[in-house]
Amino acid sequence: MDKLLQALLNGLLLGGFYGVMVLGFSIIWGVMGVINLAHGEFLMMGAYMAWALFRAFGLDPFASLVIVMPVMFIVGYLLQRLILNRVIERPHLMALLVTFGISISIANIYKVVYTASPRNVPVSYNGSVELFGLTFPIVKTLVFFVALSMMFILHLFLQRTRLGKSIRAAAQNKNAARIVGIEIDRVYAITAGICIALTGAAGAMLSPTQAIFPFMGAPFTLKAFTITALGGLGRIPGALLGGIILGMTEVLVATFVPGIGTNLGVAVSFVLLVVMLIVRPQGLLSGLRPMEEVE
Amino acid sequence: MKRLLPLLVLLVALLLTACPSPSTEESATSREESTQTEQQSGAESSSEVKVIRLGAAVSETGKYAREGKDTRQGYETWRKWVNEEYGGIKVGNERYKVEIIYYDDEGDPDTAARLVEKLITEDKVDFLLGPYSSSLTKSTSAIAEKYNKIMIEGNGASESLFERGFKNLFAVLTPAGNYTQSGLKLLADQGAKTMVLAYEDTAFPTSVAEGAQRWAQEYGIEVLAVETYPKDVADVSGIMSKFKDLNPDIFVGGGHFNDALLFVRSAKEINFTPKAMLITVGPSNPEFVAEVGADAEYILGPTQWERTMSWKGPWFGTAEEYAQRYEKLWGEPPTYQAAESTATALALHVAIENAGSLETDAVRQALLDLDIMTFYGPINFDETGKNIAKPMGTIQIQDGKIVVVAPEEAAVAEIRYPMPPWNER
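Next up, the structure:
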């Protein structure tokens with residue numbers, strides 16, 4: 001029983017991270033209809049930034065969010081202004097090719113700059129605490145709560161502020177939004193900025209728990225894809241739900257299947273993806289807009 | 296949804312083929328350099344300067360980018376030495392300069408095999424040097440065998456490589472099955488009784504793990520659980536929490552550098568403290584200590600070579616002298632992957648000189664007859680191409696330093712055992 005509870009807890013914590021990790025990918029797709037294949041690379045950029053700040057100034061990876069997020073916001077804003085806005089009205093393939101190219105460029109530039117050696121941020125508090133008979137890994141628990149608060153803040157922003165409303169308007173009907181005077185290019189650029197900032201933050205929070213290296217991104221892009229399909233497009237609760245389902249599945253299979261559990265966990269998540277696409281292609285929670293209308 | 300379906304297919308296809316960069320040729324610089332040295336030595340001797348052309352597919356990008364870089368630098372250390380100091384390989388009465396053509400195999404066995412085929416058929420190399428990792432060596436050596444080219448390698452330790460009856464594959468390093476031998480013996484002597492084992496399900500870690508189970512049985516250690524995980528694993532906490540419940544004396548983890556980081560992080564996170572952690576690749580690399588910090592203390596790891604070992608040969612002097620030369624060239628201390636790559640090229644070099652010929656058959660016979668002592672240790676191939684002369688060392692990280700604790704004849708410090716719980720450090 002304890003083992004089951006512990007596994008559920010680990011899955012939940014992993015799921016919270018997945019939720020914030022996938023959010024940027026999901027919203028860019030939901031709002032603009034762009035599948036960002038460079039998603040994992042932006043995550044990697046955030047992780048490296050946290051690592052560099054830690055190495056240079058001894059800055060804690062959670063404290064470095066204050067620097068990582070604004071920098072990544074600018075990266076995202078410029079990316080959208082300079083590159084993505086030019087291809088967004090073109091056929092989907094263009095955006096795919098552009099982001100694919102960006103992912104290759106970023107990974108290889110990082111390889112040249114930082115070399116391929118795996119990095120890690122050895123924070124002093126990466127142990128665990130025992131509570132109610134369960135083991136709480138400190139860093140992952142922190143990540144979980146920071147992730148939740150980020151989602152909550154973003155949710156408030158999208159629901160309550162004028163800018164947030166115009167982002168939702170642009171997602172629901174681009175032409176109507178234009179007619180009522182929303183400056184689409186600017187809204188898109190801000191959306192991309194927020195999404196890339198979130199992705200960078202996820203990377204920075206990942207840095208104490210994992211090896212950081214230039215080619216770490218691709219598996220995350222694939223995972224983001226699975227979670228988005230599970231949870232529904234461009235929705236915060238969907239991202240969280242999808243993330244938790246994937247996290248729990250992976251951890252439960254890894255914990256209870258002897259010998260090949262960890263292998264199987266990865267396979268199962270993709271089986272889930274296929275089943276989901278067949279049974280409920282719009283995701284568990286219906287998206288920011290129905291998938292059929294995504295242009 | 297209909298419109299998205301082709302996109303999904305494309306997306307998956309793109310991601311699956313998401314190879315970071317097209318293969319690049321780095322031989323331009325080496326060619327340039329060799330022409331320069333050719334001109335210099337051309338003035339000294341009247342004989343025409345000839346070139347031996349070697350080829351290697353080594354990872355520059357992908358999962359093995361780090362180890363691939365060490366491998367490349369190891370080969371280059373030898374090439375620079377042989378061309379600039381040694382004066383070229385002596386074949387009969389002639390001196391041959393060396394040129395090495397490199398391609399980036401991207402860590403992918405199929406790409407590596409294709410590139411090696413290209414090296415043989417288009418670049419017409421005389422001999423092949425191995426890639427990094429057993430899985431890449433496996434695919435490329437099959438191509439070498441098909442074209443009857445000698446491939447000598449120092450980075451594929453999996454024993455299955457030498458069970459295929461190939462005539463043209465030689466390896467200077469200790470085979471994978473013996474990686475954990477000296478470490479497990481030492482731990483058994485310290486009183487360890489039980490062990491758990493986790494390994495990546497690719498050629499080399501599998502060989503290490505099978506060897507570890509064999510040696511465990513030999514030394515009376517009970518294996519409580521065995522777990523495998525996939526190549527690009529991002530989370531091993533499932534494995535570690537299973538192991539925690541078993542409360543073993545020894546944890547053995549077999550994989551590559553990234554996995555070593557994950558194992559240590561994950562063990563500390565869930566407070567899993569076996570009496571010893573023996574991790575296959577990583578601990579012996581100085582960057583491991585730099586990245587993991589204080590948590591790297593007490594971790595054990597096998598090592599093919601350390602600069603403190605007492606080996607000495609007529610070519611690069613002692614292990615320490617080799618290390619200094621390497622540091623001067625590359626600005627970083629040599630990993631054992633780098634040393635074994637230099638030793639690989641050196642073994643080929645000596646065999647060519649002994650054979651007095653560049654013919655495949657003559658050089659193969661010379662390799663089989665080879666029995667030399669080098670900075671890397673003794674090299675003596677058995678009929679399958681494995682180096683049976685060299686023992687494997689075990690290191691432990693003590694006070695941030697990598698020290699050899701086994702086997703006895705190479706040890707410079709006592710093992711610290713058992714390792715204290717994470718929260719009591």
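Protein chains in written order, with our numbering: chain V, 1 to 295; chain Y, 296 to 720.
C-beta: ideal position from N, C-alpha, C; glycine also.
It should be emphasised that the depicted structure is a prediction, and the values quoted were computed from it without experimental measurement.
The DSSP-derived three-state label of Ala529/Y is coil. Residue range 389 to 398 is occupied by the beta strand (DSSP E) that includes Arg390/Y.
Per DSSP, Tyr671/Y lies in no alpha helix (DSSP H) segment and is marked neither H nor E. Apart from the 5 residues on each side of it in sequence, Asp405/Y sits with its Cβ closer than 8 Å to the Cβ of Ser434 in its chain, given in chain order. Of the candidates Met216/V, Glu130/V, Gly265/V, Met216/V places its Cα closest to the Cα of Ser117/V. Residue state for Tyr427/Y is assigned as coil, using DSSP reduced to three classes. Identification of residues in the region 688 to 714 of chain Y having a C-beta nearer than 7 Å to some C-beta of chain V yields an empty set.
Considered as a whole, the region 396 to 468 of chain Y harbours 404 to 416, 429 to 441 as its complete alpha helix (DSSP H) runs of no fewer than 4 residues, in chain order.
Here Asp590/Y is buried: its Cβ has 16 or more other Cβ atoms, across all protein chains shown, within 10 Å. When DSSP states are grouped into helix, strand and coil, Ala498/Y belongs to the helix group. Of all residues in the region 132 to 146 of chain V, those with a C-beta nearer than 9 Å to a C-beta of chain Y are Thr135, Pro137, Ile138, Val139, Lys140, reading in chain order. Chain Y has a Cβ within less than 8 Å of the Cβ of Gly261/V.
Per DSSP, the unbroken alpha helix (DSSP H) holding Thr262/V starts and ends at 261 to 279. Where Gly548/Y is concerned, the enclosing beta strand (DSSP E) starts and stops at 545 to 549. Along the region 28 to 58 of chain V, the positions whose C-beta sits under 7 Å from a C-beta of chain Y are Ile35, Leu37, read in chain order. In the structure shown, Ile83/V adopts helical secondary structure according to DSSP, grouped into three states.
In the three-state scheme derived from DSSP, where H, G and I count as helix and E and B as strand, Phe136/V is classed as strand. Cβ neighbours of Gly46/V within its own chain (closer than 7 Å, five residues either side excluded): Val68, Met72, Thr199, Gly200, Ala201, Ala202, Gly203, Ala204. Chain order gives the chain V residues near Phe552/Y as Pro118, where near means a beta carbon separation below 7 Å. Between Asn450/Y and Tyr427/Y, the gap from beta carbon to beta carbon is short of 8 Å. In the structure shown, Ser561/Y falls within a helical segment according to DSSP collapsed to helix, strand and coil. The CB of Ser269/V never comes closer than 7 Å to any CB in chain Y; the least such distance is about 11 Å. Scanning its chain for C-beta atoms nearer than 7 Å, with the 5 sequence neighbours on each side dropped, one finds around Thr228/V the residues Val22, Phe25, Ser26, Trp29, Gly242, in chain order. If only complete runs of 3 or more residues are kept, the region 627 to 676 of chain Y shows the beta strand (DSSP E) at 667 to 669, 672 to 674, in order along the chain. For Lys480/Y, the closest of Val353/Y, Pro597/Y, Leu468/Y by C-alpha to C-alpha distance is Pro597/Y.
By the neighbour-count criterion, in which 16 or more other beta carbons inside 10 Å mark a residue as buried, Ala218/V falls on the buried side.
Residues of the region 500 to 524 of chain Y with a C-beta atom less than 8 Å from some C-beta of chain V are Ala520, Val521, Glu522, Thr523, Tyr524, listed in chain order. Taking Asn580/Y as the centre and dropping the five residues before and after it, the same chain places the C-beta of Thr630 closer than 6 Å to its C-beta, in chain order. Burial is judged here by how many other beta carbons sit within 10 angstroms of a residue's own beta carbon; Thr416/Y has fewer than 16 and is exposed.
Contact between Met604/Y and Ala614/Y holds: CB atoms are separated by about 5 Å, below the 8 Å threshold. The Cβ atoms of Asp400/Y and Ala439/Y lie no closer than 8 Å to each other. The criterion of a C-beta distance shorter than 8 Å is not satisfied by Arg374/Y and Ile347/Y. Between the region 482 to 500 of chain Y and the region 543 to 563 of chain Y, the count of C-beta pairs closer than 8 Å reaches three or more; the two stretches touch. Take Ala650/Y, set aside five residues on each side of it, and the residues of its chain with a beta-carbon closer than 6 Å to its own are Ala657, Val658, Ala661, in chain order.
Under the 8 Å Cβ criterion, the region 527 to 534 of chain Y counts as touching the region 251 to 271 of chain V, having at least three qualifying pairs.
Arg119/V carries a strand assignment under DSSP once its states are collapsed to helix, strand and coil.
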